[in-house]
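Each residue of the sequence shown is one higher than the one before, counting from 4 in the numbering used here.
We put the beta carbon where it would ideally sit given N, CA and C, even for glycine.
Only a predicted model underlies this, so the values are computations on that prediction, with no experimental measurement involved.
First comes the structure, then the notes that go with it.
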Amino acid sequence: MDPKAVDDDFEREIVFYKQAQEAVQTAIPRLLKMGIKVFRPSDYYAEMAKSDEHMQKVRKRMLDLQQGKERQEAIRRLREEKKFAAKVQKEVLENRQSEKRKLLEAVKRHRKGMKSQLDDMLNNAKRLQRDEAEEENEIKREREAKKRNRQEGRGNLPMRLGRRMGRTARDKKYGFGGQKKRSKRNDKQSFNEFSSHAMRNSRRGSGKPTSGRGRFRGIKRR
4 MDPKAVDDDF EREIVFYKQA QEAVQTAIPR LLKMGIKVFR PSDYYAEMAK SDEHMQKVRK
64 RMLDLQQGKE RQEAIRRLRE EKKFAAKVQK EVLENRQSEK RKLLEAVKRH RKGMKSQLDD
124 MLNNAKRLQR DEAEEENEIK REREAKKRNR QEGRGNLPMR LGRRMGRTAR DKKYGFGGQK
184 KRSKRNDKQS FNEFSSHAMR NSRRGSGKPT SGRGRFRGIK RR
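Here's what the structure looks like:
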């Protein structure tokens, strides 16, 4: 017997139980071979070595110990489950924080990229407006310069013509700019010139009177 079972009622009872069990398992086959009855008749009553009160105490003690072990096992299992649940929850929280951090970084990068693209678009729009304004100003300046050159050209045309050609030469080249009415009527000088010319032509001819103006001049002479 284990020395610890001497002062421990439960361990001592276990030892006694095992010894009796081993003795029964060994004795029953032998007794059956010998033809000795080993089972008690149904109407036979025999008092046990231990009283019922004592056995109730042993039974209660064994149930309490078993329930205590089960409670301890349940508490241990619950504690392990809580530890595992806390570990899982911690990992879940860490994963959520990591995902949240990654999401925030992605949002920041996206916003930064969008802001950069927006700044580029605004700069391009401003540059385009500035170029259009400069082009309009350049066109406006060119128009004003052409208009000014035309005005200056009209104002300086008489001056340039006056410097290049005198009045007499201009009248000779372009004609007199005064009255044209009755400018082709004959005067005394033109009539004398025409008469002398007609006489010369009549001397060259056959002597016959001519028609038209020549005959008319002959009539006037008579």
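Interface flag, residue i vs chain C, CB-CB below 9 Å
i     : result
Gln69 : In summary, chain C is missing from the structure at hand, where a single protein chain is found.
Beta-carbon proximity check, residue i vs residue j, cutoff 9 Å
i     : j     : result
Lys53 : Val61 : yes
Val18 : Ala30 : no
Arg64 : Asp10 : no
Contact set for residue i: own chain, Cβ-Cβ below 6 Å, skip 5 residues either direction
i      : result
Lys223 : Residue placement at Lys223 cannot be trusted, given a pLDDT of 48 that sits under 50; what the coordinates show is reported in the next sentence. No residues qualify anywhere along the chain.
Gln22  : none
Glu141 : none
Phe219 : Bear in mind that the predicted position of Phe219 carries a pLDDT of just 49, short of 50, making it too unreliable to give a figure here.
Proximity winner among the options, relative to residue i (alpha-carbon distances)
i     : options                 : result
His57 : Met117, Ala77 and Glu16 : Glu16
Beta-carbon proximity list for residue i, same chain, < 7 Å, skipping 5 on both sides
i      : result
Leu34  : Val41
Arg225 : Because Arg225 sits at a pLDDT of 47, beneath the cut-off of 50, its placement in the model cannot be relied upon, and the following sentence gives the value as read from the coordinates. Excluding sequence neighbours, Arg225 sits near nothing in its chain.
Leu68  : Phe13
Cβ shell of residue i (< 8 Å), same chain only, five flanking positions each side left out
i     : result
Leu96 : none
Sequence ranges, beta strand (DSSP E) only - wholly within the region 98 to 164, length at least 3: none
Contiguous alpha helix (DSSP H) assignments of at least 4 residues, all confined to the region 7 to 86: 12 to 36
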